[in-house]
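Reviewing the structure listed below.
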Amino acid sequence: MSEQLLPGYIIRCGSLLERSLLLKFMQRTYQDLFPNEDFSHLEQTVKQYFSSNTPLWWVEEEGEQGSKGEINSKFKIQNDARGLANAALTKFKIEDSIPLPPIACLWVGNAIDQVHGYRHAHIFILYVVPEHRRRGIGTALMRYVENWAIQRGDRQIGLQVFQSNKPALNLYNQLGYQTQSIWMVKFLSAEK
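Under our numbering, the residue at position 8 of the sequence shown is numbered 8, and the numbers go up by one with no gaps.
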C-alpha cells in the first residue's frame with residue numbers, strides 16, 4: 001500500500017523480500033560519506049537487524065512508470081540485436097507497469113532510552129539519492145516517521161549522524177533534534 005508523501009512522490013512499506021535493495025541503499029549512504037571504504041560488512045547489519053519489527057519505507061516517483069509496450073519493445077530490440085529468437089518474449093509475463101527504483105529509503109528500529117527506560121524509535125537509515133535531494137523529501141520522511149512513532153506511543157526518536165555530515169545535521173537541527181549524548185571511539189592497535 002502506498003500513499004502520497006509529497007507532490008510527485010509516494011511512500012510505500014517495504015517487505016522482508018527487499019533485503020538486498022536495503023543493503024544497496026545502506027552501502028550507498030556510507031559510500032557518499034566515505035568513498036574509499038569497503039562496506040561489505042553492512043550485510044551483517046541488515047542480516048542481524050532487519051525484521052518484521054523494523055519497518056522499512058521506500059519513496060518512489062509518482063506516475064513515473066514504464067509501460068508494458070515500452071518494456072516489450074526494448075526487450076525485442078535487445079533480442080534482435082543479439083540474434084536471439086523473438087519467441088523468447090512469450091516466456092516472460094511483464095506487468096502493465098514496472099515501478100522505477102526507489103529514490104529514498106527510511107529504515108527504523110527500536111531502542112531503549114538508557115535514562116528513562118522506555119522504548120523508542122531509532123532511525124537506522126534515511127537516504128535520498130543525490131538527484132532528488134533539496135526537494136523536501138528528507139523533511140517529509142522525518143515528519144512521516146515522527147507521526148508513525150507518535151501513533152505507536154513512542155515519546156522520542158533517536159538517530160546517529162556523523163559529525164562530518166553537515167546537510168543531515170542541519171536537517172535534524174531544523175526539525176528540533178538535539179544532541180543527547182556523544183558517541184566516542186578510540187581505535188586500538190591489533191598489534192602487540
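We put the CB at the ideal spot given by N, CA and C, even for glycine. None of the values given here were measured: they were computed from a predicted structure.
Q: Please go through the same chain and pick out, in chain order, the residues whose beta-carbon is closer than 8 angstroms to the beta-carbon of N165, but skip the five residues on each side of it.
A: L33
Q | Cut-off 8 angstroms between Cβ atoms - residues of its own chain near H193, not counting five sequence neighbours on either side | A | This structure cannot speak to residue 193, because the chain is shown only from 1 to 192.
Q) Does the region 4-20 come close enough to the region 128-141 to have 3 or more Cβ pairs within less than 8 angstroms? A) yes
Q.
Let's see if you can read the secondary structure: which residues bound the alpha helix (DSSP H) around A140?
A. I137 to Q151
Q: Report all residues from its chain with a CB closer than 6 angstroms to the CB of F92; omit the five preceding and five following residues, and keep chain order.
A: At F92 the pLDDT is 39, less than 50, meaning the model places this residue with poor confidence and gives no usable figure here.
(Q) Am I right that P55 and V108 are in contact with their C-beta atoms under 8 angstroms? What's the rounded C-beta distance? (A) 5 angstroms
Q. Could you give the residue range of the alpha helix (DSSP H) that holds F124?
A. No alpha helix (DSSP H) contains F124, which is instead part of the beta strand (DSSP E) from R119 to V128.
(Q) For a test of the three-state rule: what should DSSP assign to N36, helix, strand or coil? (A) coil
Q | Residues bridged to G109 (per DSSP) | A | H122
Q) Between I123 and F25, is the Cβ-Cβ spacing less than 8 angstroms? A) no
Q: Measure the alpha-carbon distance for F187 versus Q160 and round it to whole angstroms.
A: 19 angstroms
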